[in-house]
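In my numbering, the protein residues as written are 158 to 285.
C-beta: ideal position from N, C-alpha, C; glycine also.
Right, one structure below, let's go through it.
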Amino acid sequence: TNVSFNVFTSDVIDYDELLTGKRRESTYHSVGNLPSLFFSTAGKATPLIVLAAVGFETDAATQPEKVVIAIRAMVTLFPAAILLAAFLIFRMYPVSEEAHDKILSGLTDFGQGKPAVDPFTGHAVVRE
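Structural data, given as structure tokens:
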């Protein structure tokens with residue numbers, strides 16, 4: 158998902174430049190890394206919390222059935238659910254190749270002193 162996130166971020170940066178005339182990569186990448194820090198920590202802590210909740214025994218030679226089921230779920234069902242959620246979110250992403258081409262075309266138009274059109278709203282882009 159990091160690859161997808163970087164592609165999305167690039168699209169957003171281009172669109173933001175079309176609307177504002179400013180390139181703000183550093184801002185987007187700095188702020189964009191904050192959620193990954195949180196989710197990385199949560200992703201490491203969650204399995205430990207789940208295992209403790211289902212009765213994981215540290216010194217036991219074998220674990221209770223609930224623990225085995227929880228481990229299987231954490232390596233199969235949870236990742237599958239996250240992947241499905243990501244897929245659904247990606248399907249709703251509004252920037253198609255055509256829309257991105259229009260964004261880049263608008264940037265080129267502005268660079269040549271011509272007016273540009275927002276590819277999502279169809280309105281003329283007015284920079285202040």
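Residue closest to residue i, alpha-carbon to alpha-carbon, out of the options
i      : options                : result
Asp266 : Ala281, Glu254, Leu240 : Ala281
Ile228 : Ala237, Leu208, Ile239 : Leu208
Residue i - DSSP class collapsed to helix/strand/coil
i      : result
Val282 : coil
Arg180 : coil
Asp216 : coil
Ser253 : coil
Val225 : helix
Val207 : helix
Thr198 : helix
C-beta neighbour in chain D for residue i, strict 9 Å
i      : result
Ile170 : In the displayed structure, chain D is absent; only one protein chain is listed.
CB-CB length for residue i against residue j, believed under 8 Å
i      : j      : result
Asp168 : Val252 : 4 Å
Val224 : Val211 : 5 Å
Paired residues, beta bridge with residue i - DSSP
i      : result
Val274 : Ala281
Through-space distance from residue j to residue i, alpha-carbon basis
i      : j      : result
Val164 : Glu182 : 12 Å
Leu205 : Asn190 : 24 Å
Phe195 : Ser187 : 14 Å
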